[in-house]
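So our numbering is basically just the index in the sequence shown, starting at one, shifted up by 506. Have a look at the structure below before the remarks.
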Amino acid sequence: MTTTENRVRSASEWLAAAKDVADELAVNAAERDRKNETPYAEVRLLKDSGLVTLLGPVQHGGGGQSWETAYRVIREVARGDGSIGQLLGYHYLWAWAARLVATDDQIAAVEELYTRNNLVFGGAVNPRDSDLKITEDGDEIVYNGHKSFSTGSKVSDLTVLEGILEGTEDHVFAIVPSEQDGIVFHDDWDNIGQRLTESGSVTISGVRVPWASAAGYVDKKFRPLTYNTLNVPAIQLVFTNFYLGIAQGALETALAYTREHTRAWPYGGDNKTSAGEEWYVLDGYGDLQSKLWAAEALADKAGTAISAILHAPREELTPEARGEVAVLIAAAKQRAIDTGLEIGTRIFELTGARASATKYGLDRFWRNLRTHSLHDPVAYKRREVGAYALLNELPEPTWYT
Numbered sequence: 507m508t509t510t511e512n513r514v515r516s517a518s519e520w521l522a523a524a525k526d527v528a529d530e531l532a533v534n535a536a537e538r539d540r541k542n543e544t545p546y547a548e549v550r551l552l553k554d555s556g557l558v559t560l561l562g563p564v565q566h567g568g569g570g571q572s573w574e575t576a577y578r579v580i581r582e583v584a585r586g587d588g589s590i591g592q593l594l595g596y597h598y599l600w601a602w603a604a605r606l607v608a609t610d611d612q613i614a615a616v617e618e619l620y621t622r623n624n625l626v627f628g629g630a631v632n633p634r635d636s637d638l639k640i641t642e643d644g645d646e647i648v649y650n651g652h653k654s655f656s657t658g659s660k661v662s663d664l665t666v667l668e669g670i671l672e673g674t675e676d677h678v679f680a681i682v683p684s685e686q687d688g689i690v691f692h693d694d695w696d697n698i699g700q701r702l703t704e705s706g707s708v709t710i711s712g713v714r715v716p717w718a719s720a721a722g723y724v725d726k727k728f729r730p731l732t733y734n735t736l737n738v739p740a741i742q743l744v745f746t747n748f749y750l751g752i753a754q755g756a757l758e759t760a761l762a763y764t765r766e767h768t769r770a771w772p773y774g775g776d777n778k779t780s781a782g783e784e785w786y787v788l789d790g791y792g793d794l795q796s797k798l799w800a801a802e803a804l805a806d807k808a809g810t811a812i813s814a815i816l817h818a819p820r821e822e823l824t825p826e827a828r829g830e831v832a833v834l835i836a837a838a839k840q841r842a843i844d845t846g847l848e849i850g851t852r853i854f855e856l857t858g859a860r861a862s863a864t865k866y867g868l869d870r871f872w873r874n875l876r877t878h879s880l881h882d883p884v885a886y887k888r889r890e891v892g893a894y895a896l897l898n899e900l901p902e903p904t905w906y907t
């Protein structure tokens with residue numbers, strides 16, 4: 507149970523709490539990556555820090571913070587461990603899912619439930635799989651099917667389901683307890699990066715939800731708003747920020763290694779006494795740090811923009827405003843990917859051969875970013891920005907734009 511007193515903090519205090527979490531995660535991040543164990547302790551750390559309820563209502567013990575702050579918190583946590591930053595970011599998005607599509611009463615119920623009980627969300631909503639099948643049974647709907655990815659799976663308390671109602675084209679979202687007989691997580695997440703995200707497949711069998719809990723439905727009818735489509739830009743910026751956190755962690759880890767271990771090159775004709783005097787080392791770190799600062803500035807601009815519309819009245823959002831923020835996020839995402847992958851590769855040139863030892867785990871940063879950045883092709887994000895710049899075209903809402 508959370509309390510209002512221990513959650514009322516300023517944005518800067520929340521960021522300080524996130525830094526403390528990141529610093530603790532970073533201590534043994536390389537070892538935990540190698541072991542690839544379910545991150546129960548790491549999620550408990552998120553809960554104990556209060557970060558899980560950052561966006562929750564103050565009256566229920568939440569932080570009452572903005573998405574602008576949430577994005578920076580995600581980035582900070584990912585600096586310590588990219589997997590845990592992703593888990594937190596996905597949690598924030600799914601915790602906001604009720605606000606995206608649900609009725610006012612449903613929003614109030616969901617936010618009180620997760621905030622008061624400090625619960626973590628996961629989601630089984632992979633658009634490239636077949637939709638879950640939903641059948642109607644009186645006052646209930648029943649979900650069945652399989653999803654290839656369910657990030658958070660075993661460490662989540664609540665899972666967001668999405669499917670299509672039989673005989674219609676109606677998509678229905680619902681929030682259900684993760685621990686139940688009808689949800690089986692298959693423990694088959696074994697990728698090269700983001701190894702602690704518990705993103706394996708899931709089978710849904712006969713999961714029942716009252717029609718009254720079908721998000722946004724009134725008398726079995728859904729009333730659409732442009733605001734409903736903000737889930738994709740919002741989560742694309744979640745991606746962007748934990749990418750940047752991974753990149754920041756990589757650069758900070760490499761800098762620390764160079765200060766402590768990297769030796770100057772003794773065959774250059776202008777020999778130095780320490781790596782800190784080597785021109786190519788200073789040039790390299792200067793280039794990478796400048797690019798990272800620039801990418802972070804663009805992400806912060808996008809965070810300010812989408813936060814303003816996420817916290818505005820839902821009925822006020824226009825397709826034009828939605829499209830413009832989606833383009834800005836697309837630009838920020840591609841910059842984060844390109845910069846992060848460059849940092850993850852070039853740090854080895856600046857740290858030296860000995861830094862490639864497994865015990866240092868410097869490879870995990872590139873592996874983490876490379877793995878998740880394949881979520882959807884970055885080329886399409888560049889195309890969206892290009893179509894806007896050249897043709898003044900805004901992206902149409904889809905499951906990926």
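For glycine and all other residues, C-beta sits at the position ideal for the given N, C-alpha and C. All figures in this text were calculated on a predicted structure; none of them were measured in a lab.
Cβ pair residue i, residue j closer than 8 Å
i	j	result
L599	I741	yes
G837	V891	The sequence shown places Ala at residue 837, rather than the Gly named in the question. Yes, these two residues count as a Cβ contact at 8 Å.
K932	G651	Past the edges of the chain, shown from 507 to 907, lies residue 932, and the structure says nothing about it.
S707	T657	no
L531	D587	yes
N737	R581	no
S516	H817	no
W717	K727	no
E574	G809	yes
S654	D635	yes
L798	A753	yes
F745	K839	yes
V631	V682	no
S879	I843	yes
T764	V787	yes
N874	Q700	yes
L743	E821	no
T768	P903	no
R794	R729	The amino acid occupying residue 794 in the given sequence is Leu; Arg does not appear at that position. Taking 8 Å as the Cβ cut-off, L794 and R729 do not qualify as a contacting pair.
Whole-Å CB distance - residue i paired with residue j, under 8 Å assumed
i	j	result
F854	A861	6 Å
A680	V715	4 Å
L552	L594	6 Å
S589	P545	7 Å
P901	G846	Between G846 and P901 the Cβ distance is about 23 Å, and since that is not below 8 Å, they are no contact.
A601	I613	Contact flag wrong, Cβ pair sits at about 11 Å.
Y649	L667	5 Å
V583	A522	The Cβ separation is near 12 Å, so there is no contact.
L868	T857	7 Å
E783	A770	7 Å
S662	S684	5 Å
Alpha-carbon to alpha-carbon, residue j and residue i
i	j	result
K865	W872	16 Å
F627	L897	39 Å
E848	R841	11 Å
Y723	D789	57 Å
H597	P739	15 Å
E511	V579	Annotation note: pLDDT 47 at E511 (below 50); position unreliable, no value reported.
T508	T621	Any reading at T508 is ruled out, since the residue's pLDDT is 42, under 50, leaving its predicted position unreliable.
E766	A781	9 Å
A721	H677	10 Å
A536	T559	27 Å
E642	R870	46 Å
Y894	V833	7 Å
D696	Q592	16 Å
E617	P563	7 Å
K525	A827	33 Å
D882	R888	12 Å
G570	N623	15 Å
E646	S719	9 Å
A547	P772	46 Å
N777	I835	45 Å
T709	W785	55 Å
G568	A859	47 Å
A801	E899	24 Å
Beta carbon proximity, residue i to chain D, threshold 8 Å
i	result
W771	Any reference to chain D falls outside this structure, which holds one protein chain only.
Those residues which DSSP pairs with residue i across a bridge
i	result
G669	L638, V678
F728	Y723
N874	Answer by DSSP bridge pairing: none, since N874 is not bridged.
S711	N650
V690	T709
P683	L664
P901	In the DSSP output, where bridge partners are listed per residue, P901 has none listed.
P825	DSSP output for P825 lists no bridge partner at all.
P716	E646
- Of all the beta strand (DSSP E) runs that stay within the bounds of the segment 575-644, which reach a length of 3 or more residues? 627-630, 638-643
- Message: Please give me, in chain order, every unbroken run of the alpha helix (DSSP H) with length at least 4 that falls completely inside the segment 793-856.
- Response: none
- Query: Can you list the alpha helix (DSSP H) stretches of 4 or more residues lying completely in the segment 732-780, in chain order?
  - Reply: 737-766
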